[in-house]
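Numbering (mature numbering (1 follows the signal peptide of the UniProt record, and there is no 0)), first residue to last: -19 to -1, 1 to 217. Heads up, the beta-carbon is just placed ideally off N, CA and C, and yes, glycines get one too. In what follows, a single structure is set out as structure tokens and then discussed.
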């Protein structure tokens, strides 16, 4: 019985490990592609993949790695976000337990998302040209709009893509973050931006904070500290 109980706990951890909120942005002027995300789990950086100069994918909630690999390859093959989402809804990827987001430089006007019916509420997604905001296990039903508003305001102020992503992540935190974390909001957070000529897997900006204990500091705030240090180091 003890062994069965342990197995059930492990399965529960696996199925909920990547509940989160995240943002994908493509800057059409610079060609930079960025993703930021946060969660009340040990680590959440693995939900995101960028094909420099081409597009980005997020697979969160249960976060099927095969779906992420499939979607990334389809971006590299210049398939449309609609085609990619359709492919990732195949039963082999257990799509009802996934949350997908695809933004492509070749199809900037049509980002696509899919939120599986078995993902935890509050859940959903919002899209705009070159932008996708998605989340599950959120603390409130207005959180996604708050995040999208932060993106739009940052774009209107002509901020850098990395600053927009950081502010959008903070907006999600201030709006409630991951409901499992309570006032802490998040125990992991990341910020990644790739330039068009960056090598795959080698983005020029790749920051992460993970492993924060429950009840400790908000990982989004800790990520902001890392980001400010990065900006000082890379300021010209």
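Where residue 35 sits in the DSSP three-state scheme
Numbered from its first residue, the chain shown carries residue 35 at position 54. Correct three-state label for residue 35: coil.
Roughly how many angstroms lie between the CA atoms of residue 35 and residue 108, to the nearest whole one?
Locating residue 35 in the chain shown gives position 54, counting from the first residue. Locating residue 108 in the chain shown gives position 127, counting from the first residue. One C-alpha to the other measures close to 18 Å.
Which term fits residue 90, buried or exposed, when burial requires 16 or more other beta carbons within 10 angstroms of its beta carbon?
By one-based count along the chain shown, residue 90 stands at place 109. Exposed: under 16 other Cβ atoms inside 10 Å.
Burial state of residue 148, where buried means 16 or more other Cβ atoms lie within 10 Å:
Within the chain shown, the letter at position 167 stands for residue 148. It is buried - the Cβ of residue 148 has at least 16 other Cβ atoms within 10 Å.
Cutting at 6 Å between CB atoms, please list the residues of its own chain near residue 152, excluding the five before and the five after it.
Residue mapping note: residue 152 aligns to position 171 of the chain shown, counting from 1. 127, 128 and 131.
Length-filtered (3 minimum) beta strand (DSSP E) runs lying within the stretch 138 to 184
169 to 175
Just to confirm the assignment: which complete alpha helix (DSSP H) runs, minimum length 4, are found wholly within the stretch 47 to 130?
62 to 69
Where DSSP assigns a beta bridge to residue 189, which residues make up the other side?
Along the chain shown, one-based indexing puts residue 189 at 208. 171, per the DSSP bridge assignment.
C-alpha distance - residue 74 paired with residue 85, whole-angstrom precision:
Start at 1 with the first residue of the chain shown, and residue 74 comes out as number 93. Start at 1 with the first residue of the chain shown, and residue 85 comes out as number 104. One C-alpha to the other measures close to 21 Å.
From residue 161 to residue 118, what does the alpha carbon distance come to, in whole angstroms?
Residue numbering aside, residue 161 sits at position 180 when the chain shown is read from its first letter. Residue numbering aside, residue 118 sits at position 137 when the chain shown is read from its first letter. If you take the alpha carbons of residue 161 and residue 118, they lie about 8 Å apart.
Could you check what DSSP says for residue 197 in three-state terms: helix, strand or coil?
Numbered from 1 along the chain shown, position 216 holds the residue referred to as residue 197. In this structure, residue 197 counts as coil in the three-state DSSP scheme.
Spatial neighbours of residue 76 within its chain, please: C-beta separation below 6 Å, excluding the five flanking residues on both sides.
Mapped onto the chain shown, residue 76 falls at position 95. Taken in chain order, the residues that qualify are 70 and 97.
Going by beta carbon distance, what residues of the same chain come within less than 7 Å of residue 8, once the five residues before and after it are set aside?
Indexing the chain shown from 1 puts residue 8 at position 27. Excluding positions up to five away in sequence, the list reads 142.
Tell me, which residues are paired with residue 1 by DSSP?
For the purposes of this step, residue 1 is taken as residue 20 along the chain shown, with counting starting at 1. DSSP lists 20 as partners of residue 1.
Verify whether the separation of the beta carbon atoms of residue 62 and residue 83 is less than 9 Å.
Mapped onto the chain shown, residue 62 falls at position 81. Mapped onto the chain shown, residue 83 falls at position 102. The answer is yes: Cβ separation under 9 Å.
Within the chosen definition, does the stretch 189 to 204 reach the stretch 44 to 60 through at least 3 CB pairs nearer than 8 Å?
no
Out of 123, 208 and 190, point me to the one whose CA is closest to residue 22's CA.
By 1-based counting over the chain shown, the position of residue 22 is 41. The residue with the shortest Cα to Cα distance from residue 22 is 190.
How should residue 67 be labelled, buried or exposed, when 16 other C-beta atoms within 10 angstroms of its C-beta is the threshold for buried?
For this step, residue 67 is matched to residue 86 along the chain shown. Under this definition residue 67 is an exposed residue.
Based on DSSP bridge pairs, tell me the residues matched to residue 40.
For the purposes of this step, residue 40 is identified with residue 59 of the chain shown, where counting begins at 1. Paired residues: 81.
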